[in-house]
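Residue numbering for the sequence shown follows my numbering, starting at 64 and increasing by one per position. Glycine included, every Cβ here is placed at the ideal spot set by N, Cα and C. Quick caveat, the model's predicted, so the values are computed rather than measured.
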Amino acid sequence: MNAKRKIIIDCDPGIDDALALMLALCSPEVEILGITVVCGNVPTEKGAENALKVLQWMDRLDIPVYLGEERPLVRNYVDAMDTHGEDGLGESHYPYVTTVRPRAGAVKFLADSLLTAAASKEKLSIIALGPLTNLARLVQQSPESLDGLDQLVSMGGSYKSHGNCSPVAEYNYWCDPHGAKVVYNAFYTLPQLSGKEIHMIGLDVTRQIVLTPNLLEYMCRLNPERGEIIRRITGFYMDFHWAQEGIIGCVINDPLAVAYFLAPSLCTGFSSYTDVETEGISLGQTLVDAYGFWGRHPNSHILTETNPVSFMEMFCSRVLKGSEKALHPMLCQLMGGCEK
Ligand code: RIB
Ligand code: CA
Numbered sequence: 064m065n066a067k068r069k070i071i072i073d074c075d076p077g078i079d080d081a082l083a084l085m086l087a088l089c090s091p092e093v094e095i096l097g098i099t100v101v102c103g104n105v106p107t108e109k110g111a112e113n114a115l116k117v118l119q120w121m122d123r124l125d126i127p128v129y130l131g132e133e134r135p136l137v138r139n140y141v142d143a144m145d146t147h148g149e150d151g152l153g154e155s156h157y158p159y160v161t162t163v164r165p166r167a168g169a170v171k172f173l174a175d176s177l178l179t180a181a182a183s184k185e186k187l188s189i190i191a192l193g194p195l196t197n198l199a200r201l202v203q204q205s206p207e208s209l210d211g212l213d214q215l216v217s218m219g220g221s222y223k224s225h226g227n228c229s230p231v232a233e234y235n236y237w238c239d240p241h242g243a244k245v246v247y248n249a250f251y252t253l254p255q256l257s258g259k260e261i262h263m264i265g266l267d268v269t270r271q272i273v274l275t276p277n278l279l280e281y282m283c284r285l286n287p288e289r290g291e292i293i294r295r296i297t298g299f300y301m302d303f304h305w306a307q308e309g310i311i312g313c314v315i316n317d318p319l320a321v322a323y324f325l326a327p328s329l330c331t332g333f334s335s336y337t338d339v340e341t342e343g344i345s346l347g348q349t350l351v352d353a354y355g356f357w358g359r360h361p362n363s364h365i366l367t368e369t370n371p372v373s374f375m376e377m378f379c380s381r382v383l384k385g386s387e388k389a390l391h392p393m394l395c396q397l398m399g400g401c402e403k
């Protein structure tokens, strides 16, 4: 078997962050060096407690959790507890982990890990599932450490899909647009990142990943214990989606970023220069210069198409331990058919 790919997951758990962590924890291809938490769906401390809860569910409390930035670079902090619940996990109120505590210093952990990777010529990637505040601080405080970065996959932004915080803005980049701009600009200007692009898993692809009541029922039958956890943390999220967007089910954004890192063929898109708006009515919008109007070299790879059935197959086989043979026909039936 090939050597495991080393990753750090930067997140704001968060219901879909929790599902993404579960997928990563069930993927033998990756070695998770640590989880860094950023202010987003819930305040940083609460997010870190939730990351520990997920690690406890998955019996992986050996993985360290680090506390990151507690407010965006410039904007006032606006949480998303209306979507994720007061506890950040859909009012599921799972017990707190008491045996392990989060550590301080997320940005220093990111920098030290990247410097170590660079020194040992190992590859280290980051999967970012929340606002990019921690990564922006990393760029500002330790740009030299980015020599050690292999890939950055960021769930955030939107190319042509409508926003979820305004007609054009997606929450992660709306919550901290200045942080997002710093990171996207770094991929345009820093020599350490020359030739690299942020893999942007935006709403164009994540809106295609909808956990429906039928899929949830199937998950609970595949694996009652894990299915029940998923049911408990997504009920609140499904109610929110019905109230806000008239959807029966819930869009689970973050796990697609992990799945794409594991299997890049799961999504297709194009390379482009992208900038982030930091003021006015379109604050947080990702301006994707798909046709090269500004003549700037790409700093991002914008994913626009995905295969929801293939994603769900990966999720159900890894997290729910479903047998691959039975999954495909069942998921095709539950998800409205498959390409012939
Ligand atoms: O807009 C969706 C994103 O914002 C997801 O990552 C969700 O967890 C929130 O962080
Ligand atoms: Ca998130």
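- request: Check whether the segment 281-300 touches the segment 186-205, counting contact only when three or more Cβ pairs, one atom from each stretch, lie closer than 8 Å.
  value: no
query: Where does VAL128 fall in DSSP's three states?
result: strand
query: In chain order, which alpha helix (DSSP H) runs of at least 4 residues are fully inside the segment 205-251?
result: 234-238
- request: Report buried or exposed for SER90, applying the criterion of at least 16 other Cβ atoms within 10 angstroms of its Cβ.
  value: buried
task: State the beta-bridge partners of VAL368 as determined by DSSP.
output: It is worth fixing the name first, because residue 368 is Glu in this sequence and not Val. Paired residue(s): THR331.
query: Going by beta carbon distance, what residues of the same chain come within less than 7 Å of TYR247, once the five residues before and after it are set aside?
result: ILE261, THR337, ASP338, VAL339, ASN362 and SER363
query: On the three-pair Cβ rule with 8 Å, is the segment 198-206 touching the segment 292-311?
result: no
Three-state class that DSSP yields for ALA191 in the structure shown: strand
- prompt: Is any heavy atom of ligand 1 found at a distance shorter than 6 Å from the C-beta of LEU192?
  reply: yes
query: Mind checking whether the beta-carbon of GLU233 lies closer than 6 Å to any heavy atom of ligand 1?
result: yes
query: Which partner residues does HIS262 have in the DSSP bridge list?
result: VAL216 and HIS364
task: Compute the beta-carbon to beta-carbon distance between PRO194 and ASP75, rounded to the nearest angstrom, for a pair I have assumed lies under 8 Å.
output: 7 Å
message: Considering only the alpha carbon of each residue, which of ASN197, LEU390 and LEU152 lies closest to PHE172?
response: ASN197
message: Per the DSSP calculation, THR99 is bridged to which residue(s)?
response: ASP73 and TYR129
- request: For HIS225, count neighbouring Cβ atoms within 10 angstroms of its own Cβ and tell me buried if that reaches 16, exposed if not.
  value: exposed
field: Straight-line Cα distance separating LEU350 from TYR236
entry: 12 Å
field: Buried or exposed by the 16-neighbour rule on C-beta atoms within 10 Å, applied to ILE365
entry: buried
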